[in-house]
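Heads up, the thing below is written out as structure tokens.
Protein chains: 2
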Amino acid sequence: MKILFAGAGALGLRFAYMMHKAGHDIVAIDGWKDHVDAMKKNGLQAIIDGKDEGYLHFPVYHTSEVNQIKDNFELVFVATKAMGLKDMLKTIQPLMNPKTKIICVLNGLGHITTLKQFIAPENILIGTTVWSSGLGGPGVLKTGGSGKMDLKQVEEKNLDYTMQIVEELNKAGLNVNYSQNVYASIWNKAVVNCVLNTMCTLIDCNINEYGSYEHNYEISKAIIDEMALVAKAEDNVDMDKELVHKIVAGTFPIDKQGLHYPSLYQDMKNKRLTEIDYLNGAVARMGKAHNIPTPINAFIAHLIHSKENKNGNK
Amino acid sequence: MKILFAGAGALGLRFAYMMHKAGHDIVAIDGWKDHVDAMKKNGLQAIIDGKDEGYLHFPVYHTSEVNQIKDNFELVFVATKAMGLKDMLKTIQPLMNPKTKIICVLNGLGHITTLKQFIAPENILIGTTVWSSGLGGPGVLKTGGSGKMDLKQVEEKNLDYTMQIVEELNKAGLNVNYSQNVYASIWNKAVVNCVLNTMCTLIDCNINEYGSYEHNYEISKAIIDEMALVAKAEDNVDMDKELVHKIVAGTFPIDKQGLHYPSLYQDMKNKRLTEIDYLNGAVARMGKAHNIPTPINAFIAHLIHSKENKNGNK
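The listed protein sequences derive, respectively, from chains D and Y.
Numbering follows the UniProt record's numbering, with no gaps: position 159 of the first sequence is 159.
Numbering follows the UniProt record's numbering, with no gaps: position 177 of the second sequence is 177.
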């Protein structure tokens with residue numbers, strides 16, 4: 001297949017590496033100039049499970065060079081930050097045809113709405129993944145372990161072709177499961193992020209410290225109760241609230257994610273804009289559209305934005 | 001009059017200084033040992049408007065020495081931190097008689113409930129003050145400027161005697177106004193604290209930076225809307241919401257309180273327990289008692305407590 005990796009960060013490159021190894025024809029596009037330049041010059045250096053696998057060579061472009069790309073793609077992986085999705089879709093629109101499928105496993109909520117502005121719902125493969133990855137600097141993929149991915153076509157037409165794609169992804173080792181539970185998975189994952197990312201940032205603590213407050217359940221509950229109502233209205237998901245509380249609490253021990261400072265915490269410290277509008281901010285936005293009050297999630301989104309404003313995050 | 005200053009911090013001592021100058025018979029009790037020891041040894045050093053007024057001598061006791069006090073008082077000023085009020089009242093209970101009046105102008109909400117556990121409502125003079133003050137170290141009062149105080153007797157019986165007290169306070173220069181608007185003043189002042197103390201702490205900013213976020217009004221509104229409902233139910237106060245928003249916004253400019261970090265912010269940084277249970281925590285508690293939902297104020301109280309827990313505040 002001809003596959004475009006729209007966003008060549010850690011996770012995008014992990015999948016790019018795997019699909020390239022499996023013999024597919026890949027191209028990557030990214031907005032980080034030093035990173036793009038390094039890959040243009042040397043190729044992508046892949047260090048997998050601590051072993052240097054050498055350099056992979058495939059075409060890489062800066063987002064400003066999109067009109068140099070003459071290909072047309074059967075498959076696009078979007079792998080930007082949540083707030084970069086819309087601009088990336090605008091950028092790559094000329095590279096898609098009416099049959100091009102887009103895989104989107106970005107964290108957060110509200111991406112389907114954005115994707116639908118650019119392609120038909122039958123071409124959107126939405127999902128979640130537990131694959132993780134890292135960069136060792138510009139042009140260096142440094143990753144390991146294994147993972148899996150759940151996908152679902154937003155409008156289920158012509159599924160045969162999608163199943164062929166899924167088969168190709170699985171031949172490359174991506175462990176893709178076509179699942180009817182994708183929406184529930186997206187919301188469960190969003191709950192963890194809407195609670196831990198924001199609370200650790202406002203309390204200024206790691207995940208274990210959040211869990212060490214005796215009434216942490218009440219804090220989580222205030223967020224989750226609103227999310228459950230919005231999940232039902234927006235995606236017809238019946239959130240299992242006791243389960244998601246357990247998932248949240250399961251991260252607290254120090255031999256789990258307890259010592260971790262969530263990504264939004266790190267973005268805040270590093271004066272980067274956060275993904276808040278795709279977490280609690282999206283809950284508030286969707287709640288408003290469905291006439292469901294979401295005072296707590298709206299309030300949290302404002303506090304995080306106010307903190308960005310104070311820090312001068314960009 | 002024989003007057004007990006129950007709590008000899010900056011504000012208590014400012015009033016003690018004024019009442020002593022006016023010829024009243026004063027005694028002070030406090031829990032800070034070094035401070036009490038300094039005053040026992042040298043007296044209270046008073047630096048007023050930059051001028052050293054020398055040392056004042058009056059009996060000072062540590063709270064553990066309460067049974068050495070043989071007097072019985074006509075008037076008590078309580079001047080503790082909000083969370084210290086109850087323990088102080090327990091401590092000084094033997095020193096009061098059925099006619100002893102207590103003046104309470106502490107910041108925050110819920111003090112009447114605490115006071116009523118110890119004395120009759122007709123003996124409680126509740127109020128607000130804009131007098132401010134400071135300490136220059138143990139045993140040193142360092143203050144200046146002027147102020148005023150609004151007071152109201154919680155149950156208005158035998159007001160003649162109260163008016164005599166007010167007259168004595170005014171002879172000493174305290175600028176006391178017996179006012180029917182005291183409850184509204186308490187709530188207006190509490191609004192400012194419930195918004196700025198907590199938001200500056202969670203956002204980690206000064207008052208000007210809070211005001212610099214373009215949607216600060218929405219943050220304040222979420223807190224104030226709940227408070228207005230509770231103020232009506234608890235104290236029959238018709239809060240003027242537009243006015244309190246203006247009071248809050250009036251603090252933002254850097255030539256007003258803009259560069260100030262509120263007391264709760266400073267308590268948090270200095271690892272002291274905060275007054276949150278007498279601010280947003282009190283709103284949530286009163287709301288619950290009146291069946292008024294206060295999700296935002298309850299949530300804020302939890303976040304502040306969680307932050308205290310993480311910091312190991314004591």
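We put the beta carbon where it would ideally sit given N, CA and C, even for glycine.
Predicted model, so just to flag it, every value in this text is computed and none were measured.
Neighbour-count burial assignment, residue i, 16 or more Cβ in a 10 Å radius
i                      : result
D:I92                  : buried
D:L259                 : exposed
residue 320 of chain Y : Since the first residue shown for chain Y is 1 and the last is 314, residue 320 of chain Y is missing from the structure and cannot be characterised.
residue 321 of chain Y : Because chain Y in this structure spans residues 1 to 314, residue 321 of chain Y falls outside the shown range and cannot be described.
Y:G54                  : exposed
Y:G312                 : exposed
Y:S306                 : buried
D:D277                 : buried
Y:I254                 : exposed
D:A289                 : exposed
D:S64                  : exposed
D:E275                 : buried
D:Q117                 : exposed
Y:L159                 : exposed
Y:K41                  : exposed
residue 329 of chain Y : Residue 329 of chain Y cannot be examined here, being either before or after the span of chain Y that is shown, 1 to 314.
Cβ separation of residue i and residue j, assumed to be a contact under 8 Å, to the nearest whole Å
i      : j      : result
Y:M149 : Y:T201 : Incorrect: roughly 28 Å between the Cβ atoms, too far for contact.
Y:V248 : Y:V192 : 6 Å
D:H302 : Y:H215 : 6 Å
D:A82  : D:N107 : 7 Å
D:Y183 : D:V105 : Rounded, the Cβ-Cβ distance is 13 Å, inconsistent with contact.
D:L135 : D:L4   : About 19 Å; that fails the 8 Å criterion.
D:E226 : D:G287 : 7 Å
Y:A10  : Y:S133 : 4 Å
D:S220 : D:T128 : So it is not a contact: roughly 20 Å between Cβ atoms.
Y:I165 : Y:K99  : Not confirmed; about 11 Å, so no contact.
Cβ pair residue i, residue j closer than 7 Å
i      : j      : result
D:A233 : D:I300 : no
D:K35  : D:P121 : Checking the displayed sequence, the identity of residue 35 of chain D turns out to be His instead of Lys. Contact: no.
D:I296 : D:A222 : yes
Y:I224 : Y:T251 : no
D:F77  : D:I103 : yes
Y:A22  : Y:V60  : no
Y:N67  : Y:N97  : no
Y:Q45  : Y:V130 : no
D:K310 : Y:C205 : yes
D:I26  : D:M18  : no
Contacts around residue i, its chain only, beta-carbon distance under 6 Å, and the 5 residues preceding and following it disregarded
i      : result
Y:Q153 : L125 and T162
Y:P262 : L196, N197 and C200
Y:K86  : T114
Y:A190 : L109
D:Q257 : I207 and T251
Y:E74  : M1 and K2
Y:L264 : N197, T201 and T274
D:F15  : F77
Cut-off 8 Å between Cβ atoms - residues of its own chain near residue i, not counting five sequence neighbours on either side
i      : result
Y:G84  : G7 and G31
Y:D24  : The residue asked about is misnamed: residue 24 of chain Y is His in this sequence, not Asp. Result list for Y:H24: M1, K2, I3, E168 and A172, in chain order.
Y:L273 : M83, D267, E308, N313 and K314
Y:K33  : H62
Same chain only: Cβ atoms within 7 Å of residue i, ignoring 5 sequence neighbours per side
i      : result
Y:N188 : V244 and I247
Y:I112 : I124, I126 and V154
Y:N170 : V176
Y:K241 : I224 and A228
D:V283 : L109, C194, E226, M227, V230, T294 and N297
D:I203 : Y210
Y:A38  : P138 and G139
D:M88  : A6, G7, V78 and T80
Test: residue i CB closer than 7 Å to a CB of chain C
i      : result
D:Y213 : Absence of chain C from the displayed structure is noted, the protein chains being D and Y.
Residue i Cβ short of 6 Å to the ligand NAP heavy atom set
i      : result
Y:N297 : Within the structure as shown, the ligand NAP is missing, as the structure has no ligands at all.
Do the segment 135-146 of chain D and the segment 38-57 of chain D touch if we need at least three Cβ pairs shorter than 8 Å? yes
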